[in-house]
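Visitor: Residue 55 is where the sequence shown starts when you use the working numbering, and the numbers rise one by one after that.
One structure, pasted below without further comment.
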Amino acid sequence: MQEFRSNLKRLQVQLETKLPDNDILFDHSGVNKRNLLSAINVTYTLSQSIDDVNDEVRSEVISLKRFGNEAYQYLMKYLERDFRGESLGDEFNEFLNRLSSLIERTKLTYSAFTKKHGAKC
Numbered sequence: 055m056q057e058f059r060s061n062l063k064r065l066q067v068q069l070e071t072k073l074p075d076n077d078i079l080f081d082h083s084g085v086n087k088r089n090l091l092s093a094i095n096v097t098y099t100l101s102q103s104i105d106d107v108n109d110e111v112r113s114e115v116i117s118l119k120r121f122g123n124e125a126y127q128y129l130m131k132y133l134e135r136d137f138r139g140e141s142l143g144d145e146f147n148e149f150l151n152r153l154s155s156l157i158e159r160t161k162l163t164y165s166a167f168t169k170k171h172g173a174k175c
């Protein structure tokens, strides 16, 4: 899980530096940099409570780590672009979908882990 958390931190830094500070990002009402950073921070906090050596939830953790790595690669590649004057449309939707899936899978894995071991955070 250490690599997973490190990837979240790198993603957070990249989001902070690359996305504009607009209240509405790329014509997506309710989506702004502050909200995205907050969601990643919550995801990071939840991931700190997930232990990847526990046999009872090992498959969920492995699945999260595999998906997390794929999502991280896509999200970082997306953030490498120059956002000035670019039409983003479907690409930004896909970015949001991947980020949302990563957040949701982390929450599900956290839920499975805490059901087995009780809440840690």
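Virtual Cβ for every residue (Gly too), placed ideally from N, Cα, C.
Quick one: Cα of residue 157 to Cα of residue 116, how far?
Guide: So the alpha carbons of these two residues sit roughly 15 Å apart.
Visitor: Using DSSP's beta-bridge definition, name the partner residues of residue 82.
Guide: Residue 82 pairs with 79.
Visitor: Taking DSSP as the reference, what is the three-state secondary structure of residue 105?
Guide: If DSSP states are grouped into helix, strand and coil, residue 105 belongs with coil.
Visitor: Quick check: the Cα distance between residue 153 and residue 168, rounded to an integer number of angstroms?
Guide: If you take the alpha carbons of residue 153 and residue 168, they lie about 23 Å apart.
Visitor: Within its chain, find whatever has a CB closer than 8 Å to the CB of residue 69; leave out the 5 residues flanking it on each side and keep chain order.
Guide: 87, 90, 91, 94, 133
Visitor: Would you mind reading off the limits of the alpha helix (DSSP H) that contains residue 133?
Guide: 112-133
Visitor: Residues in its own chain within less than 6 Å of residue 118 by CB, not counting five upstream and five downstream?
Guide: 159, 163
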